[in-house]
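What follows is a single structure, written as structure tokens, with notes after it.
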Amino acid sequence: MNGKAVVVGVGESAYYKHGGAPDTEFQLACTAIKNAVADAGLELSDVDGLISYMDNRNSPLRLADALGLGDLKWSVTPWAGGGNNSSATMHLADAAVSAGHAEVVVAFRALAQGQFQRLGSGAGLMSGAAPEGLSWGLPYGLMTPAQECALQTNRWMHDHGVSQEALASVSLACYANAQLNPRAVRYGRPLTREDYHDSRWIVEPFHLFDCCMENDGASAVVVTTPERAKDLKAGGVPILATAQGKGPEIGIHSFQQRWFPGMYYEGVADQIWNRSGQKPTDVDVVQMYENFTGPVLMALCEMGYCEPGEVEAFVGDGRLEGPDAAVPFNTSGGNIAEAYIHGLEMVVEAVRQVRGESTCQAKDVELSLAVGGPGYAPGSAVLFGPSL
Amino acid sequence: MPRYLGDDFLLPNLTPNNTPFFTSGEITIQFCDDCGHAQHPPDDICYACQGTNLSFRACAGTGTVESCARVHHPLHPVLADRVPYVIAIVSVDGAPGCNVQGNVVNCDAESVAIGQKVRAVYEEIDDPQSGEKLRIPQWEPAGG
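Chains as they are written, first to last, in the working numbering: chain Y, 821 to 1208; chain X, 61 to 204.
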């Protein structure tokens, strides 16, 4: 917080379509970590902390042994397993470094959805061994995040008069920005508004292009002290503020009237803006995790960018598209068009914006925000910059 | 009535907390005996007063569609010829703050709408796993 921890390295594997990686998930994790540490100008033996997501399959001990990392003094994950963890990894890295528990902490996420299964596919529920929490929806064919987020979005659109065009605008911005990013899985595959509307329904109001992709790949971010950063080639991108927030348990809990409809970002917003002393209009560029487009609109409102009744105008007319956008947004293409590494690739992009290294570089970036996956508590966010 | 998604579709795994809902043949909600708070899903403690004197009560069996969505992508092989189907969130009359999940049945999927009044109907099927007779709550338009 307040720059007591800084990002000094980012890296990734190549990003692949679902099932497209020639490497195992563990190899992808190792590649991303090696690339991020090299980007920082550090040695693997300097790393003394590892952070991933709660359902991470790549053991920190196996990684540390295989990569020759230093003694692991900080090896943790946030609660909950999905994309809501993305910016929370920066919260835990910041805590470790600023309190002196570890000096070089790497946050990583590795996914090979072709080798395992898509998060939220519902595939694990088909055996009839679903836990009690899922039993409330299972007999009704209500068992995936797409369906849960559709129910949230439909009610919110109904209450605030939001149209399908607003959802389309989010997807189109991600696709437009991905056309500038050779790393993006959807690079060279532009999307038109007509393509969007012609694509098949998954669950209304979500077309295929309202949903994040399925991918294989890994991303990593290296965090250290400002003192250590001074000696490193890449300089440093300070963590100004981080936050996690309260919300309901997943599933039926999230549909109770005290929570519904909502993305549970009001508390995260309060913390981010109060801790940093900034406000949404101060931020130069925003990466907002898209599990689905509807939750992005809801989270934008809850983070304080606009009121629900204004969201149509806020995202319409290409206002989110390109480096000169009114609100530079998901500049790498995000989960919808760069790669779905559960949002850690968007934290990487938020850092690149402050460094001036994005393929869709916004002008004069000092403050760069990354918001974690909406609709699944605890939510998280991180505000970076200005560069050291 | 036959099951909306077919008799071969997935059944709930019965647990102490969900058995009343899925077997009683009524819209059964958990209430706190100490403070009167209604909560869904049932849990081991009252979320309002943190008491542990909790019991199940049958509600009137009517409610309102709070949200709904038509599902087009079949997630299970047996759903391939049953899409599109409608999933819904229904607020339960007599249980303030409580919403349940379900389908809206006995009507055209296109006709289901937020704010619609509905009443409970039940899918009856034997659960081969527990040996219990399941009465899975569903909702149909209340009409009028």
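All residues carry an ideal CB built from backbone N, CA and C; glycine is no exception.
A quick note: this is a predicted structure, and the numbers were derived from the prediction, not measured.
By a C-beta neighbour count over all protein chains shown, 10 Å radius and 16 as the cutoff for buried, is residue i buried or exposed?
i       : result
X:P62   : exposed
Y:F936  : exposed
Y:P1115 : buried
Y:D859  : buried
Y:M1122 : Note that residue 1122 of chain Y is Glu in the sequence shown, not Met. Result: buried.
X:N113  : exposed
Y:S989  : buried
Y:W899  : exposed
Y:N822  : exposed
X:N166  : exposed
X:A120  : exposed
Y:Y1109 : buried
X:C109  : exposed
Y:G1094 : Looking at the sequence provided, one finds Asn at residue 1094 of chain Y rather than Gly. The residue is exposed, with fewer than 16 neighbouring Cβ atoms inside 10 Å.
Y:Y960  : buried
Y:R1172 : buried
X:C95   : exposed
Y:P1081 : buried
Y:H1017 : exposed
X:Y107  : exposed
Y:S906  : buried
Y:E1141 : buried
Does the Cβ-Cβ distance between residue i and residue j come in under 8 Å?
i       : j       : result
X:S127  : Y:L971  : yes
Y:I1070 : Y:G1192 : no
Y:V917  : Y:V926  : no
Y:I1161 : Y:G1037 : yes
X:P197  : X:Q176  : no
X:I105  : X:V131  : no
Y:L974  : X:A129  : Per the sequence shown, residue 974 of chain Y should be read as Asn rather than Leu. Yes; because the gap between Cβ atoms is below 8 Å, this pair is in contact.
X:H133  : Y:I1022 : yes
Y:P1148 : Y:A1182 : yes
Y:S955  : X:N73   : yes
Y:V1005 : Y:E1177 : no
Y:S983  : Y:E1132 : yes
Y:E1186 : Y:G1163 : no
Y:Y1007 : Y:A998  : yes
Y:V828  : Y:L1052 : yes
Y:V1043 : Y:V1174 : no
X:R195  : X:T83   : yes
Y:Q1107 : Y:M1166 : yes
Y:G1065 : Y:V1088 : yes
X:V150  : X:G123  : yes
Between the Cα of residue i and those of the options, spot the shortest distance and give me the residue it belongs to.
i       : options                            : result
Y:C1031 : Y:S991, Y:P1002, Y:G829, Y:F928    : Y:S991
Y:L881  : Y:Q1064, Y:D891, Y:M874            : Y:D891
Y:M1083 : Y:F928, Y:D866, Y:P1194, Y:V896    : Y:P1194
Y:A849  : Y:E863, Y:S833, Y:L1164            : Y:S833
X:V160  : Y:E1086, Y:S1096, Y:I1072, Y:H911  : Y:I1072
Y:Y836  : Y:N1035, Y:P959, Y:E1169           : Y:N1035
Y:M861  : Y:A1159, Y:Q967, Y:T1179, Y:K1050  : Checking the sequence shown, residue 861 of chain Y turns out to be Gly, not Met. Closest by alpha carbon: Y:K1050.
Y:L889  : Y:P1010, Y:Y1196, Y:L870           : Y:L870
Y:H921  : Y:W1093, Y:V896, Y:G934, Y:A1146   : Y:V896
Y:Y1196 : Y:T964, Y:R1006, Y:Q847            : Y:T964
Y:K966  : Y:A915, Y:D1102, Y:M1033           : Residue identity check: residue 966 of chain Y is Ala in the sequence provided, not Lys. It is Y:M1033 whose Cα lies nearest to the Cα of Y:A966.
Y:I853  : Y:P1002, Y:V1041, Y:K824, Y:R1013  : Y:V1041
Y:G831  : Y:M1166, Y:D1144, Y:K1066, Y:S1039 : Y:S1039
Y:T1113 : Y:L987, Y:L1140, Y:T1012, Y:D1090  : Y:L987
Y:S1207 : Y:P1046, Y:I1156, Y:H838           : Y:P1046
Y:W894  : Y:G901, Y:G902, Y:A884             : Y:A884
Y:D875  : Y:G902, Y:T851, Y:V857             : Y:G902
Y:L1000 : Y:K824, Y:G1153, Y:V826            : Y:G1153
Y:A993  : Y:K824, Y:N1155, Y:R1020, Y:V826   : Y:N1155
Y:F846  : Y:A932, Y:N1111, Y:F1075           : Y:A932
X:C158  : Y:A1146, Y:E1014, Y:L864, Y:R1078  : Y:R1078
X:A169  : X:P144, X:F91, X:D103, X:G203      : X:P144
Y:R877  : Y:R1009, Y:A930, Y:T909            : Y:A930
Y:A913  : Y:L887, Y:G934, Y:V867             : Y:V867
Does the CB of residue i have a neighbour CB from chain C at under 8 Å?
i      : result
X:S151 : Absent from the structure: chain C. Protein chains present are Y and X.
message: Closer than 8 Å is the cut-off here; do at least three beta carbon pairs connect the stretch 833 to 849 of chain Y with the stretch 1023 to 1030 of chain Y?
response: no
query: Can you find at least 3 beta carbon pairs, one from the stretch 1136 to 1154 of chain Y and one from the stretch 62 to 73 of chain X, that sit closer than 8 Å?
result: no
message: Runs of 3 residues minimum, wholly inside the stretch 990 to 1039 of chain Y: which ones carry the beta strand (DSSP E) assignment?
response: 1021 to 1023
field: the stretch 87 to 99 of chain X / the stretch 150 to 158 of chain X touching (three or more Cβ pairs under 8 Å)
entry: In short, these stretches touch, since the Cβ pair count reaches three.
query: Pairing CB atoms from the stretch 183 to 193 of chain X with CB atoms from the stretch 126 to 143 of chain X, are three or more of them under 8 Å?
result: no
task: Kindly confirm or deny that the stretch 1196 to 1203 of chain Y and the stretch 1056 to 1068 of chain Y touch, where touching means at least three C-beta pairs closer than 8 Å.
output: yes
query: Taking the runs of the alpha helix (DSSP H) that are 4 residues or longer, which of them lie wholly in the stretch 868 to 897 of chain Y?
result: Listed in chain order, the complete alpha helix (DSSP H) runs (minimum 4 residues) inside the stretch 868 to 897 of chain Y are 880 to 887.
- request: Only counting runs of 3 or more residues, tell me where the beta strand (DSSP E) segments fall wholly within the stretch 904 to 943 of chain Y, in order along the chain.
  value: 924 to 932
message: Ignoring anything shorter than 3 residues, give me the beta strand (DSSP E) runs that lie fully in the stretch 1094 to 1181 of chain Y, in order along the chain.
response: 1105 to 1108
query: Residue ranges of each beta strand (DSSP E) run of no fewer than 3 residues wholly in the stretch 123 to 171 of chain X, ordered along the chain?
result: Correct list: 145 to 152, 159 to 163.
message: Suppose only complete runs of 3+ residues qualify. What are the beta strand (DSSP E) ranges in the stretch 834 to 865 of chain Y, listed by chain order?
response: Runs of the beta strand (DSSP E) spanning 3 or more residues and lying entirely within the stretch 834 to 865 of chain Y do not occur at all.
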